[in-house]
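Each residue of the sequence shown is one higher than the last, beginning at 720 in the working numbering. Scroll down for the structure; my scribbles are underneath it.
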Amino acid sequence: IFKLIPQWGGAVLLLATLLSAGYLLSVDRILPSPEPEIDLLGKDSSPNRINDDLGGVPGEQVAISSSSSPVGLPYLLYLPPTWQPGAGHKWPILVFLHGQGESGFSPTDVALQGPPSLVKHNTSSLLGSEFAVLSPQKPPGSSWIEQGGLVVELVRKLVQSYDVDSARVYLTGVSAGGYGAWALAAQYPNTWAAVVPICGGGDPSWAPSLRSTPLWVFHGANDVVISVKQSDRMVKAVKEIGNENVTYTRLEDAPGHDPSWSEAGIPDMPGHASWVKAYYGKDGDILYRWFLTHSLDPPKPEYH
């Protein structure tokens, strides 16, 4: 989402108009030439590797600055309370891409909403007990397309160092991060076992790269910030290309705020907080169980 201070509340409608017209999204609408797929199990070839410690602490969400990050990208990393190094258990990981307003160099800002907010406050939830959660932070003025290579490289390092299951790497994002989820899914299609873009959009020409990717898309029909037509056309394109594993939750009356916004001083954005119906409470448990039924390697795990 675009984090607006209260006195900017009147900017929401202008922002909505520009977004719907596509004026603010040009950087995210052109996908670069497909990058070579990164071998998540391969050897580290980075010439600027800082250290082997990615900062993970079982049962805690740790903020890693850009100076301490092995790829130069700030991030939050959460490991489940029962995680033990070398125990032989491979953990699934959920990668969360934030909205435009959380861009910056202070990764704690990313915990405003979504999965990093959930594990911050409830480690005993299904997400907190069954998943590692990676929440990178992109610099201001950049797009997730531009940062995609660093995100995937960071995942690769986690696979190597923290018993992360390379066959169960999941991707989700909201608003600008929803655009990022579509884009990174298309740019690195063999990385993600399942992808959930929320109130985002993309270029329908990306659809051939998404032919085999399990997708669950959320968007509010009443979203005044990013038009639901953005998700409509992406869902239509991937279904037309032959992807039969697409679920679309098109909310007629999506929420206009996240529970954390009042304390943060963020005004309501009618229909934009559709992730509330995706990530939290019983709805969230349904989504996280859906993630866990998908794997890049058969047979798929069963979680109940």
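Just so you know, even glycine gets a beta-carbon here, dropped at the ideal spot from N, CA and C.
Item to check | Contact set for L877: own chain, Cβ-Cβ below 6 Å, skip 5 residues either direction | outcome: Within the sequence shown, residue 877 is the residue found at index 158, counting from 1. Answer for L877: V883, listed in chain order.
Can you give me the start and stop residues for the beta strand (DSSP E) that S885 sits inside? Taking the first residue of the sequence shown as position 1, residue 885 is located at position 166. Annotation: the continuous beta strand (DSSP E) that includes S885 extends over 883-893.
Handout entry: Given S894 as reference, the closest of W911, V943, L873 once Cα atoms are compared
Key = The residue given as residue 894 occupies position 175 in the sequence shown. The residue with the shortest Cα to Cα distance from S894 is V943.
TODO: Measure the alpha-carbon distance for L1006 versus A997 and round it to whole angstroms.
DONE: The residue labelled residue 1006 in the question sits at position 287 within the sequence shown. The residue labelled residue 997 in the question sits at position 278 within the sequence shown. Those two C-alpha atoms are separated by around 7 Å.
Handout entry: 9 Å Cβ cutoff met for L934 and A886
Key = Position 215 of the sequence shown, counting from 1, holds the residue named residue 934. Position 167 of the sequence shown, counting from 1, holds the residue named residue 886. Their beta carbons are not under 9 Å apart, which means L934 does not touch A886 by this criterion.
If you drop the 5 nearest sequence neighbours on each side, which residues of the same chain put their C-beta closer than 6 Å to that of V870? Mapped onto the sequence shown, residue 870 falls at position 151. Within the same chain, P855 come within 6 Å of V870 by CB-CB distance, once the 5 residues on both sides are set aside.
- [ ] Out of D922, E959, A806, A992, state which residue places its alpha-carbon closest to the alpha-carbon of P974.
- [x] Position 255 of the sequence shown holds residue 974. Closest option to P974, Cα to Cα, is A992.
**Item:** the region 784-803 touching the region 843-854, judged by at least three CB pairs closer than 8 Å
**Value:** Yes, the region 784-803 is in contact with the region 843-854.
- So, using beta-carbon positions, are P811 and L1011 closer together than 9 Å? Working through the sequence shown from its first residue, we reach residue 811 at position 92. Working through the sequence shown from its first residue, we reach residue 1011 at position 292. For the pair P811 and L1011, the CB atoms are nearer than the 9 Å cut-off.
>> Measuring straight from C-alpha to C-alpha, what distance separates R1008 and G868?
In response: As a first step, residue 1008 must be located in the sequence shown, where it is residue number 289. As a first step, residue 868 must be located in the sequence shown, where it is residue number 149. Looking at the two C-alpha atoms, the distance is approximately 28 Å.
**Asked** Taking Cβ positions, are G990 and G939 nearer each other than 9 Å?
**Response** Residue mapping note: residue 990 aligns to position 271 of the sequence shown, counting from 1. Residue mapping note: residue 939 aligns to position 220 of the sequence shown, counting from 1. In contact: G990 and G939 (Cβ atoms closer than 9 Å).
Selection from G897, P927, L970 that minimises the alpha carbon distance to P908
Your numbering for residue 908 matches position 189 in the sequence shown. Measuring from the Cα of P908, the nearest candidate turns out to be P927.
7 Å CB neighbourhood of L836 in its chain, flanking five on each side removed | Position 117 of the sequence shown, counted from the first residue, corresponds to residue 836. It should be pointed out that residue 836 corresponds to Ser in this sequence rather than to Leu. Excluding sequence positions up to five before and after S836, its CB lies within less than 7 Å of the CB of A830, S979, all in the same chain and listed in chain order.
Exercise. Looking at the structure shown, is I1005 part of a helix, part of a strand, or coil, going by DSSP?
Worked result: Working through the sequence shown from its first residue, we reach residue 1005 at position 286. Note: I1005 maps to helix in three-state DSSP.
Sequence-distant residues of the same chain with beta carbon closer than 6 Å to G897, five excluded per side
On the sequence shown, residue 897 is found 178 positions in, with the first residue counted as 1. Cβ neighbours of G897 beyond the five flanking positions: P916, I917, C918, G919.
Between the C-alpha atoms of V936 and V888, what's the straight-line distance to the nearest angstrom?
-> Within the sequence shown, the letter at position 217 stands for residue 936. Within the sequence shown, the letter at position 169 stands for residue 888. Between the alpha carbons of V936 and V888 lies a distance of about 17 Å.
Could you work out which residue in K809, G818, V814 is closest to W911 when comparing CA atoms only? Working through the sequence shown from its first residue, we reach residue 911 at position 192. Distances from the CA of W911 to each of K809, G818, V814 were compared; the closest alpha carbon is that of V814.
If you compare alpha carbons, which of L792, K809, K958, T827 is closest to Q780?
The residue labelled residue 780 in the question sits at position 61 within the sequence shown. Among L792, K809, K958, T827, the Cα nearest to that of Q780 belongs to T827.
Exercise. Pull up the distance between the alpha-carbon of L853 and that of G823, whole angstroms please.
Key: Locating residue 853 in the sequence shown gives position 134, where the first residue counts as 1. Locating residue 823 in the sequence shown gives position 104, where the first residue counts as 1. Answer to the nearest angstrom: the Cα atoms are 16 Å apart.
- prompt: Going by the CB atoms, is the gap between L773 and P789 shorter than 9 Å?
  reply: Residue numbering aside, residue 789 sits at position 70 when the sequence shown is read from its first letter. Residue numbering aside, residue 773 sits at position 54 when the sequence shown is read from its first letter. A contact, by the Cβ cut-off of 9 Å.
**Message:** Just list the residues that DSSP pairs A913 with in beta bridges.
**Reply:** By 1-based counting over the sequence shown, the position of residue 913 is 194. DSSP, once it has assigned bridges, lists Y889 as partnering A913.
Since T842 contacts G775 with CB under 8 Å, what's their CB separation in whole angstroms? For the purposes of this step, residue 842 is taken as residue 123 along the sequence shown, with counting starting at 1. For the purposes of this step, residue 775 is taken as residue 56 along the sequence shown, with counting starting at 1. Between G775 and T842 the Cβ distance is about 14 Å, and since that is not below 8 Å, they are no contact.
ask   = Just how far apart, CA to CA, sit I960 and R930?
value = Residue mapping note: residue 960 aligns to position 241 of the sequence shown, counting from 1. Residue mapping note: residue 930 aligns to position 211 of the sequence shown, counting from 1. Going from the Cα of I960 to the Cα of R930 covers about 6 Å.
Mind checking whether L890 and L816 have CB atoms under 9 Å apart?
In the sequence shown, residue 890 corresponds to position 171, counting from 1. In the sequence shown, residue 816 corresponds to position 97, counting from 1. The beta carbons of L890 and L816 sit closer together than 9 Å.
Review point. Hey, quick one: how far does the beta strand (DSSP E) through Y797 stretch, first residue to last?
Key: On the sequence shown, residue 797 is found 78 positions in, with the first residue counted as 1. Y797 -> beta strand (DSSP E) spans 794-797.
- Assigned exposure category for S981 - 16 Cβ within 10 Å defines buried: Taking the first residue of the sequence shown as position 1, residue 981 is located at position 262. Exposed, since its Cβ has fewer than 16 Cβ neighbours within 10 Å.
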